[in-house]
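Read through the structure below, which is laid out as C-alpha cells, and then see the notes.
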Amino acid sequence: MRKFMAIFACLCLLGAAAVFLLPQAGMAGNQENIRLVTDSTGREVRIPQHPKRVVILNASNIDLYVAAGGEDTIVGKASSKALSPEVVKATEKAAEVGIIHSPDVEKILSLKPDLVIGTNVPFHTNLADTLAQAGIPLYIQSLDSMEELTTALQFYGTLTGEEAKAQAAVAKMAASMAAVKGRTAGKNPPKSLIVFGSPDSFNMGTGKCFTGSLLNELGGGNIADQAQGEGGYLPISMEFVARENPEVIFIIMHGQAEELEAKMRQELASSEAWQNIAAVQQGRVYILPYELFAVNPGVRTAEALQVLAEDMYR
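Residue numbers -28 to -1, 1 to 286, in mature numbering (1 follows the signal peptide of the UniProt record, and there is no 0), belong to the letters of the sequence shown in order.
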C-alpha cells in the first residue's frame, strides 16, 4: 500500500511539473515566432516572423509588399487609385479598409490581422492603441527617400520569406534608375519648383519629400531647397517664387485631382505674379501622373524618374 501511495505521489508531482512546464514551452515557442523591430516612428514593435494575415493602409507599402512576394497574405488593403493594374490583380481577394486618410477600424479588426502596416501620418499612428488592445501590432513604414524604399522592400522580403525575390526587385529598380540617370549625366539642371495641391492649400516640395529626392537624383535645381523652413513641404511664397524664377514647374494633385488641376490652371492664367514666371511664359508647367507622384511609386520609381527627366531636359 505504501509503495502504491509513493508511486501515486510521484505521478502527481510529475503531472504538476508538466502543467507548469507546458505553458513555459509554449511561450518559448511563441517568442521564437516573434521579432522585435523598430519602425519609422522609433517605436519598438513585436511582430510575427512571417505574418499570415496582413492589412496595409497605404498604396506604396502595398506595392512593395507585393513586390516582396507577400500578395497571398494581404487580407486588407487601402482603397487607392494609385495601385498599378498588376497590384490590383494580385490583391483582388483582399478587402478594402478605407482610403489612406480614413481607415475603417472596425473593418480592420474584423479581418483579424496579425500585422497592420501603415505610413507615418496621424491617421495611421493614432490607431496604435486601439490595435494594441486587440493584440494587433502596428508597424509604421515611411517612404520619403530611396533609402527608406529599398530598406522597406528588403525587410518585407524577410517577412514573406521571399528575400531573393525582394532583392531581385531592388536590383531591377536600381538598374532602371541608373539607366535614366545615365542619359541625363552632365546636363545642367533647370531651376524647378514642385507644387503639391491639396483641398486645403498649395505647398512646394523640398528635397526631403520623395519627388524632391528624385529631382536631386537628376542633378537638383529645386528652388524650394533654398527656402527657409524645415520638412518636405513648405507654404508657397509668391515673393520667393518670383525671386527664384523657376524654369520648370511640376504640379502634383492630391485628393480631388481634376478640381484642383482646374483651380491651379486658372490661377496660373489669371495671376500676374505667375504670368511673369519663366516656366509659365515658356509653357513648361507639367501636371505629373497621379499614380506615380500622388504617392510614393514603389517599384515604379524608375518610371517616375523618367517622367521627371523628360520634362526637365526636353
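Glycine residues also receive a C-beta, built at the ideal position from the N, C-alpha and C atoms. Keep in mind the model is a prediction, meaning the values are calculated, not measured.
Membership of N194 in any alpha helix (DSSP H) is not indicated, and neither H nor E is assigned to it by DSSP.
Scanning the stretch 90 to 114 for uninterrupted alpha helix (DSSP H) segments of 4 residues or longer gives 94 to 97, 100 to 105, listed from N- to C-terminal end.
Contact between P218 and A250 is confirmed by a C-beta separation of about 7 Å, below the 8 Å threshold. Counting only residues of its own chain and dropping the five nearest sequence neighbours on each side, A214 has a CB closer than 8 Å to the CB of A245, N248, I249. Straight-line spacing of the CA atoms in I108 and I71 works out to 20 Å.
The C-beta distance from V267 to N30 rounds to 7 Å, short enough to fall under 8 Å.
Annotation for S164: the continuous beta strand (DSSP E) segment containing it runs 164 to 169. Ranked by Cα distance from K235, the options G169, P261, Q198 are led by G169. In the DSSP secondary-structure assignment, Y205 is bridged to G177. Straight-line measurement puts the Cα of P162 at about 9 Å from the Cα of G191. Counting only residues of its own chain and dropping the five nearest sequence neighbours on each side, A199 has a CB closer than 8 Å to the CB of M176, T178, L206, S209, F212. For E16, the enclosing beta strand (DSSP E) stretches over residues 16 to 20. If you look at R155, you'll find it in the alpha helix (DSSP H) that goes 135 to 156. K65 is not bridged by DSSP to any residue.
K49 counts as buried, since no fewer than 16 other beta carbons sit within 10 angstroms of its beta carbon. A straight line joining the alpha-carbon of I19 with that of L83 spans about 17 Å. DSSP, reduced to helix, strand and coil, places I80 within a helical segment of the structure shown. Sequence-distant Cβ neighbours of T10 in its own chain, meaning closer than 7 Å and more than five residues away, are E16. In this structure, F182 lies near D116, with their beta-carbon atoms less than 7 Å apart.
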